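**Q**
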Amino acid sequence: MYFIFEIVFSSNKMYIADLIRAYAKETQIEADVLQTEEKILLVMNQEDAKLESFLKGLEEVLPASLFMGRSRHYFSDKKPALIPASSMRLPVNIAPCPSCQKEMFDVSSRRYYYPFTSCNHCGSQHPFVTQYPYERAHTTMKFLTPCEDCVSEAKSNALRLDYPLISCIECGIALRMRDRESEHLALTKGDYRKLFEVSARAIASGESVLMKTAHGYRRFFKPEAENAASTSILLMADAKGFNEHLMMVTQEFNALLSIERPLLRVATKSDALKALYGASTRVKYPDEGMTMLLAREILNTGLAYIAYEECDEDEEADFLVDFDLPINTQEDTKLFINQDTKLFVSGERIVFPAQVHSEKNRVTVAHDLACVKVGEASVIDSVEVFDSVQTEELYLLESEEFSSGHANEHRFEQYKASMLSVLAEHNKVGQKAVGVHFDGSLNFLYYNGKQVINAVPAIPFESDHLWEKIRTLREGSDRLVENYKKAYPETWERLDNLEGDMDIFEVTAITLGLEDESLEGISSEALSFLGKGGLQIDTRVKDNRFDNYAFLTSIMSYQLGDVENSYMCYSIYESFGDYIGEIVPQLVEKTGTRTVVLTGETFANQSLYGRIQRTVGQYKPLMNKNFPIGKENAVYGALYI
Ligand SMILES: [Zn+2]
Ligand SMILES: [Zn+2]
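Its first residue numbered 1, the sequence shown is counted upward by one per residue in my numbering.
#1: Can you tell me whether Pro-96 sits near ligand 1, meaning its C-beta is under 8 Å from at least one heavy atom of the ligand?
#2: Of the residues Glu-135, Gly-172, Asp-439, Met-141, which one's Cα is nearest the Cα of Pro-115?
#3: With respect to 8 Å, is the separation between the Cβ of Gly-123 and the closest non-hydrogen atom of ligand 1 below this value?
#4: Per DSSP, what kind of secondary structure is Glu-6 in: helix, strand or coil?
#5: Contact between the stretch 15-30 and the stretch 39-46: three or more CB pairs below 8 Å?
#6: Would you decide whether Gly-521 is buried or exposed? Buried here means 16 or more other CB atoms lie within 10 Å of its CB.
#7: Identify the continuous beta strand (DSSP E) that holds Gly-610 and give its terminal residues.
#8: What residues are listed by DSSP as bridge partners for Asn-443?
#9: So, helix, strand or coil for Cys-171, using DSSP?
#10: Is the distance from the Cβ of Ala-64 to the Cβ of Leu-257 below 9 Å?
#11: Just tell me which of Thr-553, Phe-253, Arg-110, Asn-454 has its CA closest to the CA of Lys-416.
#12: What is the C-beta distance between Tyr-285 and Met-236, in whole angstroms, given that I count them as a contact (C-beta under 8 Å)?
#13: For Ser-404, does the three-state DSSP call read helix, strand or coil?
#14: Determine whether the beta carbon atoms of Cys-168 and Cys-150 lie at a separation below 9 Å.
#15: Rounded to whole angstroms, what is the Cα-Cα separation between Leu-442 and Val-436?
#16: Helix, strand or coil for Phe-659? Go by DSSP, reduced to three states.
#17: Would you call Met-1 buried or exposed, if buried means 16 or more other Cβ atoms sit within 10 Å of its Cβ?
#18: Can you find the residues in the same chain that come closer than 6 Å, C-beta to C-beta, to Val-635, ignoring five residues on each side of it along the sequence?
#19: Confirm the yes/no value for this check: CB of Cys-119, any heavy atom of ligand 1, distance under 8 Å.
#20: Name, in chain order, the residues that DSSP records as bridge partners for Phe-75.
#21: Comparing alpha-carbon positions, which option in Asp-238, Pro-146, Arg-611 lies nearest Gly-534?
#22: Check this for me: beta carbons of Gly-637 and Met-419, under 9 Å apart or not?
#23: What residues sit near ligand 2, counting only those whose C-beta is closer than 5 Å to one of its heavy atoms, in chain order?
#24: How would you call Pro-326, buried or exposed, if buried means at least 16 neighbouring beta carbons within 10 angstroms?
#25: Looking at Leu-159 and ligand 1, is the gap between the Cβ and the nearest heavy atom below 8 Å?
#26: Return yes when the Cβ of Gln-339 is within less than 9 Å of the Cβ of Leu-90, no when it is not.
#27: Between which residues of its own chain and Ser-477 is the CB-CB distance below 8 Å, once the five residues before and five after are set aside?
#28: Judging by CA-CA distance, which residue of Asp-387, Asp-179, Glu-482 is the nearest neighbour of Asp-322?
#29: Rounding to the nearest angstrom, what Cα-Cα distance links His-556 and Thr-511 in this structure?
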């Protein structure tokens, strides 16, 4: 009889299954671990005396993961067919796992307050990788020789067997702290701890600390009214403060604490945070060693949270904490949650590197990411970690600045690759589908099984000479322009002097006078609206296409009618939802397919997403699962062009 433990796991990432395998090895229990597209199965002998203690221990070493769902167990007299696990080692870029964290806070360990503590299944590995295949010689740690303890540990510790980046305070990366007068080098356990202690105290007393982290430079500070720019990210020092300061559903709480530690926009709750950030803010739970150790010391100062900004190394600050090793940073990944749906909005971390399956001899490049064959597998990662490669054909995103000189080079459009990435993730390449691509501008697509066609393209938007375009839109528009000039002379002036290449949401945010002049600003403003909606924003004038100028004109007339900003922002998304809900059924009817695909970052918005569920929910629209719904999905989709 077999005992089978099953965990829902909705990702192609292997680190959780690998960790279970390593832990089984460590505890010397015989267990087979296999991973399918939806779950991880753990198969053990029911009679094994160590079974119970193994499962108990597993609970302690397994981190919470974004991808993990419910678990269950059952008995079976047949062993499930085993699929061989992938042998490809890919560098992860997530938080330290529970075992590694334990070492970081255990004064007797060689890694007490050592920020680069990691194992085969966790931590900041990708920042140090310079090239594939992933081995120490291909990382910036190649110049650091592991000490004797580390060498022997790499042979004996099941969690760190042959771990390429093994290191400790003795042999690892030295930290340095500088203020205007002096410089201190951390060499011993005590020094490491001291450095974070001093940093935390400085922040608590109102000074700023610029820190080189595995995710690039961050300027940490205590957010107070005058310095809480809307661009800063709220860093919660521990999970206890969550319920006091933030309004979250369970899914959001779990996602923030998951080992992947995504960036999440969350509603504020406490008066203190409302005063600093308004209705919502981007929130982070410590996501890598430096930030985690700082957060621990911040707690000791009595603060529940601080803030940080991503910045360059030459940013002004009272203290600088850094290290010499160069790092290769990834863009942080934003997550969107609506009930049980989780979508990666944009970014590289967590998602890449990704191993994908491709039968073609093709390299694709988009947004500085490339899909390249590494041995038998295809891997998507930053362009710079791949050496020169041989390929039959090269597919480049049209806007990509990349000179290859390859004889068989093709350029492709973003929307085509985005739509195909969704179809590929759902095994629907080759079947007809209708698509909506909404990334600043809105396009309706049709895929005939061979290629993606832009069926209802957006009318191009140019933000220069704006008033002329609005004035001539329709009868009476010139009056609106005059009234607007009288009521909002400053905004009028700004809109009169715009550069031509701004997107409609930036211009809308400026029109509404939002602090954050972007789509993000409109989204967060919409979140603060608690009413019911019903404001109709005009989105088109002719041929059923979305007309940016009609849209702006409509917003301006509501503004003149004293409609509140939050109501307007909410209605913007609602109107888009209705518009999409009108066009999609028409396309479905015309093309005879009920497969509907949604792509583009703009969908990651509570008002729009909710509206879409109502207007096109009947088609169960498909979206990306493993890849971001934003532009980064193109590098994968281009494999199917
Ligand atoms: Zn670990
Ligand atoms: Zn060592």
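Note that CB positions come from ideal geometry on N, CA and C, so glycine has one too.
These numbers come from a predicted model, not from an experiment.
**A** For this structure:
#1: In terms of side-chain proximity, the C-beta atom of Pro-96 is found nearer than 8 Å to a non-hydrogen atom of ligand 1.
#2: Gly-172
#3: yes
#4: DSSP, read as helix, strand or coil, puts Glu-6 in strand.
#5: Note that the stretch 15-30 touches the stretch 39-46; at least 3 beta-carbon pairs, one per stretch, sit closer than 8 Å.
#6: buried
#7: Premise fails: Gly-610 lies in the alpha helix (DSSP H), 606-616, not in any beta strand (DSSP E).
#8: His-437
#9: coil
#10: yes
#11: Considering only Thr-553, Phe-253, Arg-110, Asn-454, the residue with the shortest C-alpha distance to Lys-416 is Asn-454.
#12: 6 Å
#13: coil
#14: yes
#15: Computed Cα separation, rounded: 7 Å.
#16: Only positions 1 to 641 of the chain appear in this structure, which leaves residue 659 out of reach.
#17: Exposed is the call here.
#18: Closer than 6 Å at Cβ, skipping near neighbours: Thr-364, Ala-366, Leu-369, Cys-371, Ile-380.
#19: yes
#20: According to DSSP, Phe-75 shares a beta bridge with Phe-3.
#21: Arg-611
#22: yes
#23: Cys-147, Cys-150, Cys-168, Glu-170, Cys-171
#24: exposed
#25: Indeed, a heavy atom of ligand 1 lies less than 8 Å from the Cβ.
#26: no
#27: Ile-470, Arg-471, Thr-553
#28: Asp-179
#29: According to the sequence displayed, residue 556 carries Met and not His. One alpha carbon belongs to Met-556, the other to Thr-511, and they sit about 8 Å apart.
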